[in-house]
Each structure stands twice: as structure tokens, then as C-alpha cells.
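Working notes, beginning with the structure itself.
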Amino acid sequence: MSETYTSGLGEGTRRFIAVAGLLAALSGAAILVWPGHAWKAITVVMAIYAILAGLVYVIGAVVGKSLGTGGRIGHGLLGLLYVIAGCFAFGQLSRTAVFLALFVAVMIGVMWMMEGFVALFVLSTGESSAWNIIFAVISILAGISLVSSPLWGAVFLWWLLGISLVVLGLLNAFRAIFSKKKA
2 MSETYTSGLG EGTRRFIAVA GLLAALSGAA ILVWPGHAWK AITVVMAIYA ILAGLVYVIG
62 AVVGKSLGTG GRIGHGLLGL LYVIAGCFAF GQLSRTAVFL ALFVAVMIGV MWMMEGFVAL
122 FVLSTGESSA WNIIFAVISI LAGISLVSSP LWGAVFLWWL LGISLVVLGL LNAFRAIFSK
182 KKA
């Protein structure tokens, strides 16, 4: 007897999965239709987070009773840096969005290269060295392509994210909506 994943879930959970899936699909569609605006929206969220986190650090530095002088100064300076970064992001929204896109692409490229080199370093411990070599070479080449062309890589990753959100979000919503209730 084959049942879908969502058939054993409560009605509230199924509704949540359906709504979350539809929101993911709409987010993916926004990325595909308005890629620049979507990046700016993410940048706005990160700027708001930075300002709020900064304020929390500054307030903690002022009222934190368990902090010593060094802790107060450290928390206060860190909080000010967060607030300054958040304000700068709002003031230079387009530039900050481009910087974040390039930063993410380069970081993913570096991680892929590191993952490939780690796979090569542990070849002697693996049972399937041919698969490890194939994985390592592809991972290193993919990482090099992202690092050497971060703008192209960021655009590609952004489109891939948008497509993935649309497809997986709709599939998640459909399986939650159309799965049969467990009898």
C-alpha cells in the first residue's frame, strides 16, 4: 500500500505545506520575472536585519549587566557596525544587491572547489574512487567557473533558484492539496 508523504499529516499541516509551496512558487516566479527587484528585496531584508541586530547589540552594551568593559565596548562597536552597514545598504541598494550577488557566487565557487579538493584528499579512504574523482573534478571545475566569472555565475544561480522554487513549490503545494486523507 503506497501512500504519499502528506496523507498522514493533519489538515492544518497539509494546509501549511500547500501555502508554503505556493509562496515558494510565487517567490520563484518573482525571481524569474523581476530578478533585479527580487535581489533588491532580499537586500532590504538583510539591511533591516543588520539594523535591528545592531540596535540589539548597542542596547545590550548599554544595559547588559553581565558584560565587562571590554564586552560592552565590543558589543557597542559591533552594533554600530551593523547599523552603519544596514544604513549603507539602504542608501546604496542597487550596489549592495550586486555586491551580495557577486559575494554569494564567489563563496559558492570557493566552497565547490574546496569540496572537490577534499574529495581528492580522501580518495584512499573511499570505496568508489572513480566516482570520487568524477565528483571532485566536476566540483573543482564548477567552482573555478563561478570564481572566474562571478557575475555570470550569480545570474545562473539566481535563475536556477527561481526555477527550482517554482517547480518544487508547485509540486509541494499539489501533493499537499491533492493527497488523500488517511482513513
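So the sequence shown is residues 2 to 184, counted in the numbering used here.
The beta carbon of each residue, even a glycine, is placed where N, CA and C say it ideally should be.
| query | Given that a residue counts as buried once 16 or more other Cβ atoms are within 10 Å of its Cβ, and exposed if not, what is Glu-12? | reply | exposed
| query | Can Ile-141 and Phe-118 be called in contact, C-beta distance under 8 Å? | reply | yes
| Measuring CA to CA, which of Leu-172, Ser-149, Leu-166 is closest to Ile-32? | Leu-166
| request: Inspect the beta-carbon positions of Leu-121 and Thr-44 and report whether they are closer than 8 Å. | output: no
| field | Cβ neighbours of Ser-28 in the same chain (closer than 7 Å, five flanking residues each side left out) | value | Counting only Cβ-Cβ distances below 7 Å, and skipping sequence neighbours, we find Leu-166.
| CA-to-CA distance, Leu-162 to Gly-154, given in whole angstroms | 12 Å
| task | Report buried or exposed for His-38, applying the criterion of at least 16 other Cβ atoms within 10 angstroms of its Cβ. | result | exposed
| For the alpha helix (DSSP H) that Ser-95 lies in, which residues bound it at each end? | DSSP places Ser-95 inside the alpha helix (DSSP H), whose first and last residues are 94 to 122.
| When DSSP labels each residue in this structure, what does Ser-140 get in the three-state scheme? | helix
| query | Of the choices Gly-22, Gly-144, Val-63, whose alpha-carbon is the least far from that of Asn-106? | reply | The sequence given here places Ala at residue 106; Asn does not occur at that position. The shortest C-alpha separation from Ala-106 is found at Gly-144.
| said: Restricting to runs no shorter than 4 residues, where is the alpha helix (DSSP H) found entirely within the region 20 to 77? | reply: Counting whole runs of 4 or more residues, the region 20 to 77 contains the alpha helix (DSSP H) stretches 36 to 64.
| By Cβ distance below 6 Å, which residues in the same chain neighbour Phe-91 in space, the five residues on each side in sequence not counted? | Hits under 6 Å: Ala-48.
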